[in-house]
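Let me begin by presenting the structure, written as structure tokens, before commenting on it.
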Amino acid sequence: MARSSSKPDSSAPTKAPKEKKRRWYHQVWEVYQMTRKAQPSITWWILLIIVGGSAAGYGLGLLWGQPIYTLVLAIPFSVLGAMFLLARRAETAAYARIEGEPGAVSAALGTIRRGWNIEEQPVAVDPRTQDMVFRAIGKPGVVLISEGPSGRAGRLLETEKRRVQRLVPSVPVHLVQCGRGDGQVPLPKLASTVQKQKGKLSKAEVAEVSKRLRAMGTARLPIPKGVDPTRMRPDRKGMRGR
Numbered sequence: 001m002a003r004s005s006s007k008p009d010s011s012a013p014t015k016a017p018k019e020k021k022r023r024w025y026h027q028v029w030e031v032y033q034m035t036r037k038a039q040p041s042i043t044w045w046i047l048l049i050i051v052g053g054s055a056a057g058y059g060l061g062l063l064w065g066q067p068i069y070t071l072v073l074a075i076p077f078s079v080l081g082a083m084f085l086l087a088r089r090a091e092t093a094a095y096a097r098i099e100g101e102p103g104a105v106s107a108a109l110g111t112i113r114r115g116w117n118i119e120e121q122p123v124a125v126d127p128r129t130q131d132m133v134f135r136a137i138g139k140p141g142v143v144l145i146s147e148g149p150s151g152r153a154g155r156l157l158e159t160e161k162r163r164v165q166r167l168v169p170s171v172p173v174h175l176v177q178c179g180r181g182d183g184q185v186p187l188p189k190l191a192s193t194v195q196k197q198k199g200k201l202s203k204a205e206v207a208e209v210s211k212r213l214r215a216m217g218t219a220r221l222p223i224p225k226g227v228d229p230t231r232m233r234p235d236r237k238g239m240r241g242r
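Laid out in structure tokens, this is it:
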């Protein structure tokens, strides 16, 4: 009697390998590695804060007669301080890495959280020099941010300002030049500079202005890959251990 074959059916679909879940400490490790490449001293600073903070807590505990208790409290606070330093240094390293690259302004504006409508693509581009203008709309009105040398970018900003004022004549228009030249705002300070503008519009007015300007269209120049600092800046949830 012939025996039946028990070989598995090769035509049956194979299950895809399960993707390994990323934990918060994986994110912290990636941030640390990226920061260490730009700032090798970060390792020593982290150790100094953790060891120094723990030692200070233990010393205070000796004075109060509770050294173990204060040490247990000091260690997590020391680690938190080290993570805060790492987050700040990582952000600085990320900006330094992409500053001067096309599209860096777009990524810096992407760090602004709430209350703003920000165009990821430039709204104006000089095809010859590749200078760009980006737009952010919030309660202060319309903020136009240039990317390029001061003289050339200034002319591009003024041209875009006139276009905006024709569509929304009653809305304030603020001009900001991003760069390291005279009168320009360095990339790491760009987001805070935009947010410092005084609010004059309501939430509904912001939405209406954004809708009207989007209908005007933007200069769809694709931003080169690999210059997005939103991929580089530290994950703040990871820094908090969530």
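Numbering-wise (my numbering), the sequence shown opens with residue 1 and increments by one. A virtual CB, placed ideally from N, CA and C, is assigned to each residue, including glycine.
Per-residue burial, residue i [other beta carbons within 10 Å of its own, 16 or more giving buried]
i       : result
Ala-55  : exposed
Ala-204 : exposed
Ser-280 : It is not possible to answer for residue 280, since the shown part of the chain is limited to 1 through 242.
Ser-202 : exposed
Ala-108 : buried
Gln-66  : exposed
Glu-147 : buried
Glu-160 : buried
Asp-182 : exposed
Leu-62  : exposed
Thr-35  : buried
Gly-57  : buried
Gln-246 : This structure cannot settle anything about residue 246, because the visible part of the chain is limited to 1 through 242.
Thr-70  : buried
Val-51  : exposed
Arg-114 : exposed
Reduced DSSP secondary structure (H/G/I, E/B, other) of residue i
i       : result
Leu-175 : strand
Ile-137 : strand
Ser-41  : coil
Glu-147 : strand
Trp-64  : helix
Gly-226 : Its pLDDT being 44, under 50, Gly-226 is placed unreliably in this model, and the value from its coordinates should be taken loosely. Reduced to three states, the DSSP call for Gly-226 is coil.
Val-164 : helix
Val-31  : helix
Val-248 : The first residue shown for the chain is 1 and the last is 242, placing residue 248 beyond what the model contains.
Ile-98  : helix
Ile-75  : helix
Ile-118 : strand
First through last residue of the alpha helix (DSSP H) which encompasses residue i
i       : result
Val-105 : 104-109
Residue-level contact to chain C via CB, residue i, 9 Å cutoff
i      : result
Ala-74 : Protein chain content of the structure displayed is limited to a single chain, and chain C is not contained in it.
Jot down the residue ranges of each uninterrupted alpha helix (DSSP H) in the stretch 181-216, minimum 4 residues, whole runs only, in chain order.
-> 190-195 and 203-216
Three-pair Cβ contact test at 8 Å for the stretch 94-109 versus the stretch 120-135 = Verdict: yes, contact present.
Do the stretch 77-92 and the stretch 164-171 meet, that is, are 3 or more Cβ pairs less than 8 Å apart?
-> no
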